[in-house]
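All letters in the sequence shown, in the order written, are residues 523 to 859 by the working numbering.
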Amino acid sequence: YNKCNIIIIGCKERAAGAISLINSMQDQYSIIGCLDTNKDRIGKRVKDEVKVIGIVDEIQSIMLNNVVDEVVFAMPMYQIDNVEAYVQLIELMGIKVRIFPDWHIHSLFYEPRVAQIYFDELNGIPSMVLSSTSTRQRDLLIKLFADYLVSGLMLLLLSPILLIISLMIKISSRGPVLFKQERVGLNGRKFNVYKFRTMVKDAEEELVKLKNLNEADGPVFKIKNDPRIIPFIGKFLRKTSLDELPQLINVFKGEMSLIGPRPPLCSEVERYTIWQRRRLSMKPGITCLWQIQPNRNDLTFYQWMDLDLEYIDTWSLKLDLKIFFKTILVMLTGHGQ
Numbered sequence: 523y524n525k526c527n528i529i530i531i532g533c534k535e536r537a538a539g540a541i542s543l544i545n546s547m548q549d550q551y552s553i554i555g556c557l558d559t560n561k562d563r564i565g566k567r568v569k570d571e572v573k574v575i576g577i578v579d580e581i582q583s584i585m586l587n588n589v590v591d592e593v594v595f596a597m598p599m600y601q602i603d604n605v606e607a608y609v610q611l612i613e614l615m616g617i618k619v620r621i622f623p624d625w626h627i628h629s630l631f632y633e634p635r636v637a638q639i640y641f642d643e644l645n646g647i648p649s650m651v652l653s654s655t656s657t658r659q660r661d662l663l664i665k666l667f668a669d670y671l672v673s674g675l676m677l678l679l680l681s682p683i684l685l686i687i688s689l690m691i692k693i694s695s696r697g698p699v700l701f702k703q704e705r706v707g708l709n710g711r712k713f714n715v716y717k718f719r720t721m722v723k724d725a726e727e728e729l730v731k732l733k734n735l736n737e738a739d740g741p742v743f744k745i746k747n748d749p750r751i752i753p754f755i756g757k758f759l760r761k762t763s764l765d766e767l768p769q770l771i772n773v774f775k776g777e778m779s780l781i782g783p784r785p786p787l788c789s790e791v792e793r794y795t796i797w798q799r800r801r802l803s804m805k806p807g808i809t810c811l812w813q814i815q816p817n818r819n820d821l822t823f824y825q826w827m828d829l830d831l832e833y834i835d836t837w838s839l840k841l842d843l844k845i846f847f848k849t850i851l852v853m854l855t856g857h858g859q
């Protein structure tokens, strides 16, 4: 009595797959039979003990003469003449309509390793979506709202500190206060990231001479006691991570998030392997999971990658809050780079 009685429209592979799926939940569902567009198939077995009991044209009388809770369309809709009328009829009778898509995940012949699978509507058209990032739309909207609100408030409240830092840089070194550099953001979008300048004016030109001193693996460049860093103020800003504060402008512009994988250089992305590009699937952030690690200065490039992908795969608002407050602790204790 409490089972859901189902009629399946279709009799080929998709219908057979639907029968197998429904029969695996026999305590909840019971299949009355299948309907097809060809009357020559009536009486033929589709799968297990389920047979074709009629044609689609007979659906009204079949529903009137049976207890039907749900009708499942398990064949391409375009193969059914006047299909809209049948769907409308079922709907008007108060019976649930379920439509299986023209393909399902098993058609890919592989099991997605990282993607979450869900159904969505695109302007009223149902579609199957494979997404390697979070599908929690409400939480993502909260994250977006928090980015705009917090970055705006911080730019306002920290303006005196930003002014003092600007004056100290101007006094200590010739050149602009802000350092602007093209980086790669969400899914390859390019934008200019802002930082307080912590190096001498011609640091990019000097980099060529220092390439052989690179201590990092992978496509990044990193050396301890970089001679290009401005004495005192440059080291202080880097140690406290205060040089990243102008990126609040990037967050307010929508190019970055407060929390997320750090935005890489264009030259780094050019050397990414396929799996490494997945770190671009979330909006880049001012701080991230690897930046709050106690040994962050000793992490290899591949450990950065692993931590960024761990963040993407396990993202939640709770994780963002944890990283946010731990970042403040890192800044206060001076455990920066």
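No residue lacks a Cβ here, since even glycine has one placed at the ideal position from N, Cα and C.
Remember, it's a predicted structure, so these values are computed and weren't measured experimentally.
*State the Cα-Cα distance for the pair F631 and A668, rounded to the nearest angstrom.*
The residue labelled residue 631 in the question sits at position 109 within the sequence shown. The residue labelled residue 668 in the question sits at position 146 within the sequence shown. Annotation note: pLDDT 49 at F631 (below 50); position unreliable, coordinate value reported separately. The straight-line gap from Cα to Cα measures roughly 40 angstroms.
_Delimiting residues of the beta strand (DSSP E) encompassing L662_ = Against the sequence shown, residue 662 aligns to sequence position 140. Counting along the chain, L662 falls outside any beta strand (DSSP E), though it belongs to the alpha helix (DSSP H) covering 659 to 679.
*Does the region 701 to 720 come close enough to the region 773 to 782 to have 3 or more Cβ pairs within less than 8 angstroms?*
The region 701 to 720 is in contact with the region 773 to 782.
*DSSP-derived helix/strand/coil call for G807*: Residue numbering aside, residue 807 sits at position 285 when the sequence shown is read from its first letter. Reduced to three states, the DSSP call for G807 is strand.
*Beta-carbon spacing of L802, I845 below 8 angstroms*: Counting from 1 along the sequence shown, the entry for residue 802 is found at position 280. Counting from 1 along the sequence shown, the entry for residue 845 is found at position 323. Their beta carbons are not under 8 angstroms apart, which means L802 does not touch I845 by this criterion.
*Is there at least one non-hydrogen atom of the ligand NAP closer than 7 angstroms to the beta-carbon of I541?*
As for the ligand NAP, it is missing from this structure, which has no ligand bound.
*In the DSSP assignment, find the beta strand (DSSP E) that holds Q798 and state where it starts and stops.*
Walking along the sequence shown from the start, residue 798 turns up at place 276. Where Q798 is concerned, there is no enclosing beta strand (DSSP E), given that its DSSP letter is neither H nor E.
*P806: which of E790, G707, W837 sits nearest, CA to CA?*
The residue given as residue 806 occupies position 284 in the sequence shown. The shortest Cα separation from P806 among E790, G707, W837 belongs to G707.
*Would you mind working out which of I554, M547, V568 sits nearest A537, comparing C-alpha positions?*
Along the sequence shown, read from residue 1 onward, the residue named residue 537 stands at position 15. Minimum Cα distance to A537 is reached at V568.
*Going by C-alpha distance, which of D562, V699, Q703 is nearest T720?*
On the sequence shown, residue 720 is found 198 positions in, with the first residue counted as 1. With respect to the C-alpha of T720, the residue from D562, V699, Q703 having the closest C-alpha is V699.
*For G622, does the count of other Cβ atoms within 10 angstroms reach 16, so buried, or fall short, so exposed?*
For this step, residue 622 is matched to residue 100 along the sequence shown. Reading off the sequence, residue 622 comes out as Phe, not Gly. F622 should be labelled buried.
_For I771, which residues in the same chain have their Cβ closer than 6 angstroms to its Cβ, ignoring the five residues on either side in sequence?_
In the sequence shown, counting from the first residue as 1, residue 771 sits at position 249. Y716, listed in sequence order.
*Leaving out five residues before and five after V572 in sequence, what residues of the same chain have Cβ atoms less than 7 angstroms from its Cβ?*
Counting from one through the sequence shown, the residue named residue 572 turns up at place 50. The beta carbon of V572 is closer than 7 angstroms to those of I541, I553, G555, C556 in its chain, skipping five residues each way along the sequence.
*G565, buried or exposed, once every other Cβ within 10 Å from all chains shown has been counted against 16*: Position 43 of the sequence shown holds residue 565. Under this definition G565 is an exposed residue.
*Using CA coordinates, which residue listed in I581, V791, V609, T809 is at the minimum distance from R705?*
Position 183 of the sequence shown, counting from 1, holds the residue named residue 705. Nearest neighbour of R705 by Cα position, chosen from I581, V791, V609, T809, turns out to be V791.
*For I751, which of I577, I602, R696 has the nearest alpha-carbon?*
Here residue 751 corresponds to residue number 229 of the sequence shown, with the count starting at 1. From the listed residues I577, I602, R696, the smallest Cα separation to I751 is found for R696.
_Residues that E832 bridges to, as DSSP identifies them_ = Residue mapping note: residue 832 aligns to position 310 of the sequence shown, counting from 1. Note: E832 sits in no beta bridge, so no partner.
*So, are the CB atoms of L839 and D661 less than 8 angstroms apart?*
Position 317 of the sequence shown, counted from the start, is the residue given in the question as residue 839. Position 139 of the sequence shown, counted from the start, is the residue given in the question as residue 661. It is a contact, given that the beta carbons lie within the stated cut-off.
*Just the Cα atoms here: how many angstroms apart are K692 and S656?*
Taking the sequence shown and counting its residues from 1, one reaches residue 692 at position 170. Taking the sequence shown and counting its residues from 1, one reaches residue 656 at position 134. Straight-line Cα distance between these residues: approximately 43 angstroms.
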